[in-house]
Amino acid sequence: MIRHIVFFTLRDRADLDRVRDGLTLLADIPHSSHWEVSPNLNADTLTEAPVDLVVYAEFPDDAALAAYKTHPLYQKAIAIVKPLRDTRIAADIEAAPG
Numbered sequence: 068m069i070r071h072i073v074f075f076t077l078r079d080r081a082d083l084d085r086v087r088d089g090l091t092l093l094a095d096i097p098h099s100s101h102w103e104v105s106p107n108l109n110a111d112t113l114t115e116a117p118v119d120l121v122v123y124a125e126f127p128d129d130a131a132l133a134a135y136k137t138h139p140l141y142q143k144a145i146a147i148v149k150p151l152r153d154t155r156i157a158a159d160i161e162a163a164p165g
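Under the working numbering, the very last position in the sequence shown is 165; numbers go up by exactly one each time.
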């Protein structure tokens with residue numbers, strides 16, 4: 068299983084709901100076995116600004132993650148979110164067995 072974690076900082080926190088709505092489009096892509104977006108509850112920072120939103124998704128394998136990233140809704144979400152975000156940091160990790 069692949070765990071996909073993406074951190075977003077926004078240019079303007081007033082756009083939080085717009086960005087979350089844009090990211091929520093990704094939940095309709097059928098390749099993930101679990102998908103969620105949530106505001107960050109912690110004030111820790113990865114950059115100069117605190118992380119505003121976190122996307123967490125699980126995929127059965129690399130092929131499913133690749134299919135997710137090429138889905139038309141993925142491109143639509145990027146078109147909405149990219150102009151409103153400052154930073155995007157993504158990590159994909161393989162879940163440990165057990």
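Cβ atoms here follow ideal geometry from the backbone N, Cα and C, with glycine treated the same way.
By the criterion of a C-beta distance shorter than 7 Å, residue 87 is surrounded in its chain by 104, 120, once the five residues flanking it on both sides are discounted. Residue environment for residue 130: exposed (fewer than 16 other C-beta atoms within 10 angstroms of its C-beta). For residue 124, the enclosing beta strand (DSSP E) stretches over residues 120–126.
Look at residue 153 here: in three-state DSSP terms it is strand. Comparing alpha carbon positions, the residue from 124, 140, 96 closest to residue 74 is 124. Under the three-state reduction of DSSP, residue 147 is assigned to helix. Per DSSP, reduced to three states, the secondary structure at residue 87 is helical. Contact annotation: residue 122 and residue 93 have beta-carbon atoms nearer than 8 Å. DSSP places residue 80 within a helical segment (H, G or I) once states are collapsed to three.
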